[in-house]
Each structure stands twice: as structure tokens, then as C-alpha cells.
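Residue numbers (numbering that gives the first Met the number 0), protein chains in the order written: chain D, 0 to 111; chain Z, 0 to 111; chain G, 0 to 111; chain R, 0 to 440; chain U, 0 to 440; chain W, 0 to 440. Don't be surprised by glycine CBs; every beta carbon is placed ideally from N, CA and C. All remarks here apply to the structure that follows.
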Amino acid sequence: MKMLTAIIKPHKLEDVDDALAALGIAGVTISEVMGHGRQKGHTEIYRGNEYKVSYIPKLKIEVVVDDDLAERASDAIIGAARTGHIGDGMVFIGTIGDAVRVRTGESGAAAL
Amino acid sequence: MKMLTAIIKPHKLEDVDDALAALGIAGVTISEVMGHGRQKGHTEIYRGNEYKVSYIPKLKIEVVVDDDLAERASDAIIGAARTGHIGDGMVFIGTIGDAVRVRTGESGAAAL
Amino acid sequence: MKMLTAIIKPHKLEDVDDALAALGIAGVTISEVMGHGRQKGHTEIYRGNEYKVSYIPKLKIEVVVDDDLAERASDAIIGAARTGHIGDGMVFIGTIGDAVRVRTGESGAAAL
Amino acid sequence: MMKVLRVTAAAGATLGLMAAPALAQDAAPGVSPEIKFVFNTMLFLVGGTLVMWMAAGFAMLEAGMVRSKNVATICAKNIGLYAIAGLMYWAVGYNLMYDGVDGGWIGSFTWFDHPAHADEDITYAAASSDWFFQMVFCATAASIVSGALAERIKLWPFLIFCTVLTGVIYPIQGAWKWGGGWLNEFGFLDFAGSTLVHSAGGWAALVGALILGARLGKYSASGRVTPIPGSSMPLATLGTFILWLGWFGFNGGSQLALGTLSDAADVSRIFANTNTAAAAGVVAAMVLTQVLYKKVDLTMALNGALAGLVSITAEPLTPSMPMAVLIGAIGGAIVVLTVPLLDRLKIDDVVGAIPVHLFCGIWGTLAVILTNPEASLVAQLAGIAAIGAFVSAASLVLWLAVKYAIGLRVSEEDELTGLDRSELGLEAYPEFGVTAPAHVS
Amino acid sequence: MMKVLRVTAAAGATLGLMAAPALAQDAAPGVSPEIKFVFNTMLFLVGGTLVMWMAAGFAMLEAGMVRSKNVATICAKNIGLYAIAGLMYWAVGYNLMYDGVDGGWIGSFTWFDHPAHADEDITYAAASSDWFFQMVFCATAASIVSGALAERIKLWPFLIFCTVLTGVIYPIQGAWKWGGGWLNEFGFLDFAGSTLVHSAGGWAALVGALILGARLGKYSASGRVTPIPGSSMPLATLGTFILWLGWFGFNGGSQLALGTLSDAADVSRIFANTNTAAAAGVVAAMVLTQVLYKKVDLTMALNGALAGLVSITAEPLTPSMPMAVLIGAIGGAIVVLTVPLLDRLKIDDVVGAIPVHLFCGIWGTLAVILTNPEASLVAQLAGIAAIGAFVSAASLVLWLAVKYAIGLRVSEEDELTGLDRSELGLEAYPEFGVTAPAHVS
Amino acid sequence: MMKVLRVTAAAGATLGLMAAPALAQDAAPGVSPEIKFVFNTMLFLVGGTLVMWMAAGFAMLEAGMVRSKNVATICAKNIGLYAIAGLMYWAVGYNLMYDGVDGGWIGSFTWFDHPAHADEDITYAAASSDWFFQMVFCATAASIVSGALAERIKLWPFLIFCTVLTGVIYPIQGAWKWGGGWLNEFGFLDFAGSTLVHSAGGWAALVGALILGARLGKYSASGRVTPIPGSSMPLATLGTFILWLGWFGFNGGSQLALGTLSDAADVSRIFANTNTAAAAGVVAAMVLTQVLYKKVDLTMALNGALAGLVSITAEPLTPSMPMAVLIGAIGGAIVVLTVPLLDRLKIDDVVGAIPVHLFCGIWGTLAVILTNPEASLVAQLAGIAAIGAFVSAASLVLWLAVKYAIGLRVSEEDELTGLDRSELGLEAYPEFGVTAPAHVS
Ligand SMILES: Nc1ncnc2c1ncn2[C@@H]1O[C@H](COP(=O)(O)OP(=O)(O)O)[C@@H](O)[C@H]1O
Ligand SMILES: Nc1ncnc2c1ncn2[C@@H]1O[C@H](COP(=O)(O)OP(=O)(O)O)[C@@H](O)[C@H]1O
Ligand SMILES: Nc1ncnc2c1ncn2[C@@H]1O[C@H](COP(=O)(O)OP(=O)(O)O)[C@@H](O)[C@H]1O
């Protein structure tokens, strides 16, 4: 079982979500995050003083999927989130030991 | 060492926290997230137009515990978070290589 | 490839970021979280009634680095985030299978 | 406020306070009737506009004191109730309160309309300005209710209650005193409405709070109280400042006349006393919370301002400045001491409306006897009791009728989710915090 | 509002309404010319101050109705446009509108300055008070535009448009009626500006919205509408209450005189009708959204208040109270029904300015004939059409000129990021939500 | 503002401006003394109410300009200081400022109370209205201090400072000019308080800022400045609009009379000039920040409005409209240029209070000589210097006394955590951002 952690541009959420849904993936969890990477932030002037805005708002999407779906899911996210401009984000692929559905107690693949 | 990532209904936070505390687990980290799974969101009307509210607010609880506590902790969360209604959430169980306490530099089980 | 998840005091963000940058690590993702551990919250009085403020605001920093950088990165975070007072936070070290850069599709070490 | 007895009351107050001889200026032909008419009309228009603004004050105070998941709904309730009060007080309330009460219990069931110029009462003020001024008072009484019952009462049942409150209940009890009814004959004094407006609203809120029950999670079975902090202290502060501002119209306009040296001086005295009592309420609340809890409680300081204002409202004219300080400071103390008391009784009042408007309303009504020699303890108690009994009983019947007809309270799940989603399908702050990503793009 | 014809108009209205005989009081030497002058001046100063406050109301309403990433920019636009209106109406607008129009099309291109005391017109009011009162009306017209075009128009191009709108376009069409120009001679009636202020602003907004196009993501290619909820319902509610409050100055002050029993009574009637129409607009919008959509839409209720206000503005004096209810309620219904209509036409109006100010402005202008026997359908239609045509055409030329000279709309990327970052480099709420950590420490 | 010299000053201004011949209307028996008394009293009550509202403006402006972790505390400070001013100005300040100064340095140490009607001065206005009007000016001076010192000064030490400032320091310097003291005899002119209110508050703030030191993280050891954006631009904008609105009362009411054609015309002129200077301040700040920094800085535009207002306050009557534009625009420019200057001096002024109130206060006081021929550079400099020296010295002693007695500044840890938690144990926005989950349920 894999947990994909994708960092994307906020306005790409809907596209990514649709791409995952097209693969039959219904479960996603989203958080608001800030970050920097190759995209570095920029400077602004406030009341006459320059300062650096270091962090750029992004969304983090966490999706847990069965191993065999992982690559397709990752590709789907990348396809949907790409604009080709700097700051498009990352997908991290980790391994999860188990998933349990709280309501039913199902675990493993059945839970997803 | 396991990291449990639980997605729960916001109003269940206190119950879950109490259940963990009952197992002697003092350390938890909480974030606000949105998500959907089997629970699908709903439509609303705003200024005469329908739209879909796709994401439902949830809380994400991350707890790092020793391997031998992991199952009990997971059960405790599930027990406390369950309402039996759709949208109760998930518990994901991952493996963590190490944990270090910033203040003391302790690592491993001693850090938790 | 490792994912370091650090929970730190909010006002230490800049120091931690600088310490990572000194190691050449440009990519970080930050979220606002709340938590408790050994630091327990405190009681307040609101309109004549006592209540417990259980959760203390923290920031969560996620950094994905190559295996060989992981320890130095973890040490850098710990060094920068430490105040010596309770509530300094934790660093959790997990393993990530892969990382893909959305913009370029690069994966593995090249993506970081 | 009481137009039928205006002359007597004003003179009484004046005499009571200073035993002043008839003033030469007053007698002088310095101000023609028409000019007085214009001045009085202006007083009502400017004063009424300030009181109208209090509707926004209640909306902001309450929006700041509820959780963000209920903020849009409290806004809807507040603008809705003000609108309803404006229609009901036209269609029923005003003439029910003022038309032909004549020492009795009730006026007439007719609607108000603008008279022809020739039918204006040149010794008073333009009829429509009086209607406007009285209407905003009526709306204030309803505003008091919304805050106390926030975060759990459904929108329409609340608005239906307000419809009857502003169209019937408020006007009837108002008729007893300001309409020149039996309580007025009895010698009850209430200059600007500590009892007629504030306690009346407070009683309706108290009965409603008892019937509705507390918000989920406020009181545990074991008796522990879990405070539920409001979503925005600056909005609560803004609301309080708005109310403070509006109160100058509330009390000052209740002089009902401005066109002579004595009336202008009296209105000025009312402004000064009103401000002073509010200031004393704030300072009392700040000092008392510091002493009791080792920290100033901002929400109590805000309530303290309103407490001072409500306390001086029954008699803002006759007190000297030190007496205004005293009356306001006791009001501030009452709020600090009774807010936790209500919690001990498990009466859940979201914004402190009952301590502020009901308890301080009673205190203010009693305090009239401290400075106005025309007041009697018996008459004051009679007024407090009669209006308390009537408003409580009528509210009880009305709350229960609405409850059994269509239900008052949202479901447990809706309350947990927040009324904004369940009642309005609209969030107050759709982008902040837990709800943000949905609308980020 | 129309000072050259003040006496006639007021008398006309009065007669129209009540066919009252000349009032004895009016004729009585009860109020000297100088006292009337002072009263009238006060009316302008107090009324103008209330209307000035509407600038804050538009700012808050719009800040609440846009997404948080555009809130600081809309604040900058609103304080900027009010400042610009204040300068342009001094430098050009006032005399262009009022100086020597004389039945014609245009006044003079000179700036306004304070006259010497000896040059004041003792039969009217202080010239500078009149300037102040007229200036805030001009600013209101510009405020209407900012809301409709929010979230996509650049700051400076918008402000340049406002410069010409407040300095030239508004004053010219204003001259036609209130300056005593040709439309006035034609018998067109518009007491406080349903057409001259609200529709004028609405036309400018409509043309701007057409030229600018909709916000990204609002309308999909397939014709689906994606609502974009505003960032703060309490701010939107506060803004609406501010506007409601300010409207008493807007309509009441437009009586242009206060110093007699009839004028005071008329101003009072205007206050009562204004409030009643707004209340009816709210209730109509709440009931209608409940019926149509099964839930009350708070933003429609807020728009409903403004709809009622705009609708009564063309004639707040002659309606009886029931007529004020009707006029306002129809306004509220118009808004509920036309907001989705605009969406079907893919005209993206962020705050509902076009339904509220343009559509209800037209309705209000037509509704004059219901209660004012001096009004004729032909003249009303002529006024609506002439001003609509002129403002639309002038706005079109101006919008296009600015567009081709420096561009109107931010880039797609800037729009996604939000205008606050791209236009101001400053966030409205730098600490909340996604953007918080940067400034936490 | 200066009641002892009212007649002379008003006449002087009038003559100075227009060399007008004695006006026939003025001399005519058109307005009886009692009517004038009523008009003047109304001016104070309406004007004072508007100035009272400025307390809310400062609260909102400051709440918007501090970080959210300090918002509840700044609200507590603002309502607290307004309450304290209301009590201290009654108990000590008013009579210390106005009672028996007589060309000297100080009035009497007695408290104010309402006089009997027979003791009212029919040639002026109701005593209590005058008290009310003067009181709100006193509160304004204290409001200025709270913004500059926000985010680091403890609540009670700040309120103790305000207690002495409003009870003693402000009234003493006020006595010198408006109480008819030595500075007045010297010919110093300050119509509505550029120096007496704004600079006085500014000096107290400047000395406080020097003693307190900058906020943690604002200035690095290496001299880098780290801007600390405020939490809410719409609240800051709202606060600015409130202040702008209130200023009409501030300057207009300072005419101290309304009951004649000339007074009404003068008040009108003051309204127009006040608005124009503010508008020019906004436009100057917007253009200048665009030119200097390539982007409009909204917070500078807001400061620009206040800068224009402070600048015109010393003489809002005599300037022509173009002069009002000039005076206000220079004020706006001063703010844009001196805000970064203070940062270079490592003087940390959270809201720009020192540039706005102190620097523009000085500019406005000097600018009197541009339009008022009665003004002399020497007298203006003397007033600026004397009041600057006195307020600074008195503030220094007081700040140091409080500092050594109980400490002024919160601990470093408390400052990082935010004053809301450490000083009040209450958060302004308990649900948003980092702190949300605690109260989500
Ligand atoms: N090594 C990393 N660890 C954690 N988060 C990262 C890492 N690299 C990038 N990110 C996240 O991805 C976002 C986008 O990365 P960035 O390098 O700016 O994009 P791009 O690949 O288009 O240049 C960053 O803002 C950050 O939140
Ligand atoms: N596969 C998944 N990956 C990530 N998050 C998930 C996944 N499935 C569910 N979730 C999270 O759990 C929440 C609850 O899931 P849902 O399926 O609605 O609950 P239930 O199990 O009661 O039907 C979702 O809102 C989402 O945040
Ligand atoms: N076992 C854990 N699992 C998840 N988060 C933890 C755990 N222990 C601590 N944390 C996080 O780290 C933060 C700081 O931990 P705490 O124990 O208070 O610090 P300290 O080590 O200085 O005593 C907590 O607020 C919580 O967010």
C-alpha cells in the first residue's frame, strides 16, 4: 500500500482530483501548506522596507492507494498538476503498512 | 516505530485524544485537513447557482509510537472516532525509522 | 530517500530554514499544526470559567532528502530549533520510495 | 420616550434634580413652536439613525462571540430581525403601543401611516420621525434575543418569534408606560427603556434559553463548564463601540425635545452621563476580572460597557456625574458576577445578553430612585414585575407554540457541523482554516 | 437633490401626495431665513457625513464578497476612488454639474471654491455644505463600479476610469436633471438618484463587466456556473448595515431643506419610507430564496436591503407606508431573480451591483409614477434611456481607451495568485490559512 | 475649540480669509440667543459623537495593523483607554484645562458636574455638551499612543500611562491654548488640535517607543529591517474610514458655534476642506508609493488619509480648496517619506502614529501661517516647541516611573507567544490558522 504525498499549486486541485477520480480513487486528504524549492519566493516592499516572501502557498494531497495503482495515480497527479512553470511541485511516494477504515474496521486493500 | 495518521471528524478530537492518553501516549500532532472518500460532499446553492462542496473538513492526527503500542493505539483511535456514520475517516499505519526529541537529542523509543 | 518530519516552535522557522539552506537543501514544505507532548497546555479563564488549552501551535516541516544527507539535515534542524525549553518538538525520520518533480517528471535523487 | 407625558416628565426631572426655579430663558419667546418642531424632529431623526446603527452593533458583537461556523447565520438573523421589526412595528406595533392607550393596557390594531402636514402636532415633532425613533427601539429588543440564543436556534423559528415580539409583545408592554398606560399612571419611571426595552428583550431571551437548552458541549453531565470562545474579538469590540455610539441616540433622543435651552442642556447631560456610566462599567469589569481571575477578560470589559449603558438607561438625566459613575460601575460588576452564575444554572447565554440587558436593566430601573425624587420603589418594582411577568409569559407561550409547530432547535449533527452549513448552506469564512481548500483556486 | 427647482419640487410632492392646502405654519414668520439657512446647512452636513460613510460600507461589503486574495486590493480601490471623487468633484465636477446649466446639457469648466459669507444664498444653505453633499453622491456612483469589477481589474486603470467618471461623466448627466438641465425641463423626476446615481454607476459597471469579461473559473465552456463565495460574511453584513445607515442621509438630505414644519415632516417621511423599503427588500429576498432554493441566501438578503433602498430612492417622499413596502419588496425580488440571470448571460458581477443599482434603479425610477402625480411615464423613460445611453456610451469609450492604452485586466497568473500579491504585494490576511507561516514568528 | 476666545477667533478667521464686510445677516435679529444655544449644543453633541466614534476607528485600524496574536490585547487597550479618558477627564481633566486658567498655565483641580439650567451660559452651549466634546478630544490623544506601542507593552502599565495622560498631561498643555492660557495670549493658533491633540499624543508615543524599544525581530543587529505585516487589511481600512468620518466632528465641531449664517458657512467650509485634505493625502501617498516602490502601498494610503486630516486640523477654516489640497498632499508625502526614516532610526511605530500625528501635526501647525494672516511663525514655533517639550518631558518621567515601578514590557517569551495569550489568556481569532483545532468541535 502506498501513500502518495503531492505538493501542488492551489488552483490545480480540481484537475488533480478529477484525474484521480478517473482512476477510481475516491479517497483524498488535502492540507494547506507553504513551501519553497527551486521556486524561491520573491521580495516585496512594505511601508518602505524590502522583505522576502520566502514561502509560496501550495496544497498537499495525500492519497493512499494499493501498490498496483500507485504508479498510475502518481502519473495522473503529475499529468494534471503540471503547468510547466516553476513551482509545479513534487510527488513523494511512501509505503504504508496498513489502512483501517474507522467506520467499518475494514483494513488492508478493502479499506481503500 | 510507527507513525499513525488518522483522519477523523473534527468533533471527535477530544475523545481520540483521551483514548490515546489512556494508553499513556502523550505526544500528538494535529492538522486541519479537508477530504473526501466514500462521503462525497454535497451541493449547495449560492446566489442562484448550484455548486458542489467537494471537501469535508476533517482533522488529521499524527502519532508516533513504539511498534508494540501501534495496534492498541490504532484500536483506541478507531474506537473513539467511530460514530458509525459515513465520513468517520481512516487510520494509516506507516513505519518511521527514527524519532529525535529536539530539546534533549534523545532518539529512538526514548524520544517518545 | 528520507522524509524528515520536524515539529518545531513557530518562531524557529527561519533559523531551521537557514540551517537547511546551509546544507544545500532548497526544498521544504511547511504546515501549521497543533500538538502536545511533554508540554501539556495550560488553563485559562474565559468569562469566569476555567478551561484547558490543550494544544500548542507548532509548525511542521517536511523535507525529503537523499539518504546520505538525512542525518546532517536532522542534526541541522535539531541544532536550529532547540531552545532548551519544553515544547521544542520532534524530528521523525521516515523512508520514501521515490520522489517525482511534477514540472520535469525527473524522479529519484535528481528530483530533489 | 414617553410622548404623552413628555412635558411633565421633563419638567419633573429638572425639578427633581435641581429644584430650579422656572428659567427666564424658557419662558422667553426665543424659540417659535415651528422651530421647536424642527429641532425635535431632528432629534428623533438623528437619534433614531444612531439607534438603527445599534442593529449593526448587535450583529458584529454576536458575530464575534459565536464560533465561525455560526457567523453567517447570526448575521442573517440580525439583518432579518431588524427588517421584520421595521415592518411589524409599522403594520401593528406603533399604534398598538401609542394609539389610544389612555391609561389602559393596549392601543389600537391599525397600521401607521404618514399624516398630512396639516395634521402634524406642532407642539411635538413630525409623526414619521417619532415612528422611526420608536421603531428602532423595538428592533433593539429583538436584537437582544438573537445573541443569547445563538449557535443552536433555527433561523425561521427565531424570525417568527421576532415577528410576534416586535409586532405584539413589545408594543403591548410598551403601551403600559410610554403609551401612557396603567403603569405610567402608577408612577413607574423608565426614561429610555432599561425595563421596557432591555429587560423586555432579556426576559424573552431568558425564557428562550431555558426552552432551547444549552449548546452541545457547553455543560458536561458532571457539571463542568466548557467555555466556547468566540471567533473574532475585533468584531466583538467593534460591535460594542457601535452600541456605545448608538446609545447616545437611544438615551439622548429619549428626552423627546431639543428646542429650548433646558432641553438642550438636558440632552447634553444625558450624553455625558451615558458616556460616563459606560466608561465606569468598562473600568469596573476590567478591574474586577483582574482581581478575581488575575487577567483582564476582554469580553467582560465589552459586556461592562453595555452593562453601564443599560444601567443608566432608566434614568440618564437626573444623576450627577459621580452618580453616573456609580450606577455604571455597579452595572459592570453585576455582569462580571452573574455571567458565571448563569453558567452554574446551566443557562447558556452566548453573548451575555441576560446579565447585560436583564440584570442591569433591573438594576438601572431600581437605581432611578437614587437620583429622581419622583420615583418610588414600589412603582419601580411594580413595573419590573409586571413587565417581567408579561413578557416572560407571552414569550413562553410563543416559544412553546413555535417549538411544537415547527421546532426550535437544529439537530445535533447540524449543530456540530455549524448552522451556517445546515441552515444557510453558506460559510461565513469559506476560505479560512479547515474549510479553505475548497475555494482556494 | 435638485437645488434650482427645490421649491417647486417639494411643493409639488406635497401637493401630489396630499393635496394639502397651504399650511398656516409654513406661512407663519416662525422661522427666519437665517435659521432656515442654518437648518438646511446642517441637513447637508449631517446627511453628507452619512453618505460619506457609505464609502466605508461599499468597501466592507466588497471586501466581504471577494476572495481573501483580493481583499486588500478592493480596499485600496475603495479608499482611492473616494479620494479621487473628492478631488475631481472639486476640480471639475461640481461646477460642470451646477454652474450655468440653465436648461441645457452642461455647466462650466471651473473649479469650486468657498464663497465669501456675503455671497452665500441665504434662501438655501452654505455653498460648501452643498458641495460636500453633492460630492459624496458622486463618490457613491464610483463605488458601485468597484464591486462589480472586482477580482480582475487592475488598480490604476480602475482609478483612472473613476477619475473621468467622477470628474466628467457623472456631472454631465447630473447636470441634465439636478443641475436644472434639459431632462429637468422635460419633467423627469428622480428625487435622490435611483437613475442619476445608482443606474449611472450601474451602467458604468455593466459596460465595464462586459469589456473585462468574467473571472477565471466562473463560467465553464460548457456553460456551468461556478459560484465563488466571498471571504467574509460578517464584513459583507457590516457593509450592508453601513449602507443602510448612510441611506438616511442620501434620501433624507435630498429634501434639501429642513427649516420648516413641512420640510421636517417630509424628511421624516423619507426616513420612514427609506427604512421600510429596505426592510421589505430584505424580507422579500429571504422569503424568495427560501421558496426557490429551500434555504435563505444571506448574500441575497443583504442585496435585498440595498435593492429596497435603491428602489425607493427615486421617490422616497410621496409613497405611503404600504407603497414603500411594495416598492422595496419588488426591489428585493428583482435582485433575487436577476442575479442568476446575469450569470446565464455570463456577465460576472462580483457583488450584485448591476441588479441592485441598475435594475432596481430603473424600477425605482419607474415606480415614481405610482405615487407622484407629477411624474409621467414618458419623462421617466426618457430619463432612464437618456442617462443609460450617455453613461454607457461614455463608459464604453473610456473603458476601451484605458484598455488599449494601458490594459484593464491582470494576467491570468496574477488573477490566480490574487490581486493582492500582484497589484499591491501585500496580503489582506497575511497570517490566516495558506499563507500563515511566513509571518508567524 | 477655544471657547474663551471664540468670538474673536471666528471673526479673525473670517476677516483674514475674505476681508468681508460685516454681514448684514449676522447683525440681523434672525437668530435668538436661545436658538443659537441649541444649535451650538447640537454641534457639540453631534460632533462629539462623531469624535467618540474615532475611538472605534483607532481600535480597528490598530487591530488590523498588529499580528493576530496581539489583536485582542489592542482591543482591550482601546476600549480601556477610552473608558479611562472618560472618567479622568471628568474627575480631573476638564476643569484643569478650562477652569480659571486665565492667561496662566493651569486650571483648577476640581471635578466637572452638570450645572443647573439657570447657570448655563446662554451665549455659548450647554456645559455638559462642551464637556462631552472636549472629553472625546482628550481620548483621541491617548488613542494615538496605543497604536505606536502595540505588540509589546503590557496592558496595565499602558492604561496607567493613559490615566495620567488624560487626567493631567493633556489637560495642562490644553489649558495653555484652549483654556485661554499663556500660549493663547502669545498668539499661538491651533484650531482643532494638530498640536494640542495630535502632536501631544505623538510626543507621548515617541517617548514611549524610545523607552520600550522595538518589537523582537523588527530590526536585526546588522541593521536590516523586517517588516511585520498587520493581520487584517479590511479592519485597517475600516478603521481609517471611521477616523475620516469622525474627523468631520473633530474639525467641524471645533468651530464651536453653528447658530448664524457665518458659523454655518464656516462649519461647511471646514467640512469641505477636511475632506479635501484627506483625499489629497490618499492620492499623494498612492502616487508616491507607486513612484518610489512601483506598487501602491495600501497601508500608506490609509496613513495618507490620516496625514491629510491631521495636517488640515490646525487650520481647517481659512484655506481655500486648492490650499486644502496642498496641505493634505504634503501631509501624505510626509508620511510616505518618514515612515521608513523612523525605521532607519530603529524607532518601532506599529501603525505609523508618529509620522501621522506628530510630524503631520507639526506640519499642519506651521501651515496655518500660509492661510491665516493672524498666525505668526514665531507663535506657531513657540507652541510646537512648548507643547513638545512639556509632553515629552512629562511622558518621559511617567514612562520611566511606570517602568521602574511595575515594568512596561512583556517578557521575550510572552512577546513571541503573543500578548493575547500572555496578557489576556484569550485569543482574538481562536479558530483560525495555527490555533484552530482546539475549538473546532
Ligand atoms: N525536497 C523537498 N522536500 C519537501 N518539499 C519539497 C521538496 N522539494 C519541493 N518541495 C515542495 O514542492 C514545492 C514546489 O517545488 P519547486 O521546486 O518550487 O517546484 P518546481 O519543481 O516546479 O521547481 C515547494 O514549494 C515545496 O513545498
Ligand atoms: N484512500 C484515502 N487516501 C487518503 N485519505 C483518505 C482515503 N480514504 C479516505 N480518506 C480520508 O478519510 C476521510 C473519511 O473517509 P470516508 O471514506 O468519507 O469515510 P467513511 O469510511 O466513513 O466512508 C476522507 O474525507 C479523507 O480525508
Ligand atoms: N509521539 C509523538 N507523535 C506525534 N507528535 C509528537 C509526539 N511527541 C511530540 N510530538 C509533537 O511535538 C511537539 C513538541 O513535543 P513536546 O513533547 O512538547 O516537546 P519537548 O520534547 O520539548 O518536551 C508536540 O506539541 C507534538 O506536536
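- Message: Taking the alpha helix (DSSP H) that R:G200 belongs to, which residues open and close that run?
- Response: 199-211
- Item | Own chain residues within Cβ distance below 8 Å of Z:P56, not counting five before or after | The beta carbon of Z:P56 sits closer than 8 Å to the beta carbons of P9, E31, V32, M33 from its chain, once the five residues preceding and following it are set aside; these are given in chain order.
- Message: Taking the straight line between their C-alpha atoms, what separation do you get for U:A19 and U:A115?
- Response: Interpretation of U:A19 is limited by its pLDDT of 36, a score under 50 that renders its predicted location unreliable; the figure taken from the coordinates is listed afterwards. C-alpha separation (whole angstroms): 39 Å.
- Just how far apart, CA to CA, sit G:I7 and R:G229? 28 Å
- Message: Taking the straight line between their C-alpha atoms, what separation do you get for D:F91 and D:G107?
- Response: 21 Å
- Message: Could you compute how far the alpha carbon of G:Y50 sits from the alpha carbon of R:A332?
- Response: 22 Å
- Query: At which residues does the beta strand (DSSP E) containing U:F187 begin and terminate?
  - Reply: Taken as a continuous stretch (DSSP letters only), U:F187 belongs to no beta strand (DSSP E), as it is neither H nor E.
- Task: Compare the C-beta of U:V70 with all C-beta atoms of chain W and state if any pair is closer than 9 Å.
- Result: yes
- Among W:W243, W:D342, W:K76, which residue has its Cα nearest to the Cα of D:Y115? This structure leaves residue 115 of chain D out entirely; chain D is present only between 0 and 111.
- Item | Simplified DSSP assignment, three categories, for U:Y428 | U:Y428 sits in coil when the DSSP states are folded into three classes, being neither helix nor strand.
- Hey, W:S128 and W:F247: beta-carbon distance below 9 Å or not? no
- State the beta-bridge partners of G:A91 as determined by DSSP. The sequence as given places Phe at residue 91 of chain G; Ala does not occur at that position. Beta-bridge pairing links G:F91 to Z:A98, G:T4.
- Query: So is Z:T114 buried or exposed if we call it buried at 16+ other beta carbons inside 10 Å?
  - Reply: Because chain Z in this structure spans residues 0 to 111, residue 114 of chain Z falls outside the shown range and cannot be described.
- Per DSSP, what kind of secondary structure is W:P354 in: helix, strand or coil? helix
- Query: Counting pairs of Cβ atoms below 8 Å between the segment 95-106 of chain U and the segment 262-271 of chain U, do you hit three or more?
  - Reply: no
- Task: Measure how close the beta-carbons of R:V100 and R:G178 come, nearest whole angstrom, since I'm counting them as under 8 Å.
- Result: 4 Å
- Over the uninterrupted beta strand (DSSP E) stretch that includes Z:I44, give me the two end residues. Run containing Z:I44: 41-45, per the beta strand (DSSP E) assignment.
- Item | Under the three-state DSSP convention, the category Z:S106 falls into | strand
- Going along chain G in order, which residues have a C-beta closer than 7 Å to the C-beta of Z:D97? I92
- Task: Kindly list, in the order they appear in chain G, the residues whose Cβ is closer than 8 Å to that of W:G387.
- Result: The premise fails here: W:G387 is roughly 38 Å from chain G at the closest Cβ pair, so nothing lies under 8 Å.
- Message: Once the 5 residues before and after R:G173 are set aside, which same chain residues still bring their CB inside 7 Å of it?
- Response: M96, L195
- Query: Hey, would you say D:K1 sits closer than 9 Å to G:G96, going by beta carbons?
  - Reply: yes
- Query: Span of the beta strand (DSSP E) holding U:E33?
  - Reply: In this chain, U:E33 is not harboured by any beta strand (DSSP E); it is covered by the alpha helix (DSSP H) spanning 32-64.
- Query: Between U:V91 and the rest of its own chain, which residues show a CB-CB distance below 6 Å, the 5 nearest in sequence each way excluded?
  - Reply: The answer, listed in chain order, is G166.
- Task: For chain U, find out if any of its Cβ atoms is closer than 9 Å to the Cβ of R:C74; answer yes or no.
- Result: R:C74 counts as touching chain U.
- Message: Does the segment 403-411 of chain W come into contact with the segment 149-160 of chain W, if we say contact requires no fewer than three beta-carbon pairs (one atom in each stretch) closer than 8 Å?
- Response: yes
- Task: For D:H41, verify whether its CB is less than 8 Å away from any heavy atom of ligand 1.
- Result: no
- Query: If you count every other CB in all the chains shown that lies within 10 Å of the CB of W:P233, and 16 or more means buried, which is it?
  - Reply: buried
- Under 9 Å (Cβ pairs) to chain G, residues found in the segment 291-307 of chain R: L291, Y292, K293, K294, D296, T298, M299, N302
- Own chain residues within Cβ distance below 7 Å of R:W243, not counting five before or after: Contacts found: A277, A304, L308.
- Query: Of all the CB atoms in chain G, is at least one closer than 9 Å to the CB of W:G222?
  - Reply: no
- So, using beta-carbon positions, are R:V441 and R:G216 closer together than 9 Å? Nothing in the structure corresponds to residue 441 of chain R, since chain R is present only between 0 and 440.
- According to DSSP, residues forming a beta bridge with D:T28: Its beta-bridge partners are D:E61, Z:G34.
- Query: Is there a Cβ from chain Z that is less than 9 Å from the Cβ of R:T434?
  - Reply: Since pLDDT at R:T434 reaches only 36, below the 50 mark, its modelled position is unreliable, and the value read off the structure follows with that caveat. Yes, because at least one Cβ of chain Z sits closer than 9 Å to the Cβ of R:T434.
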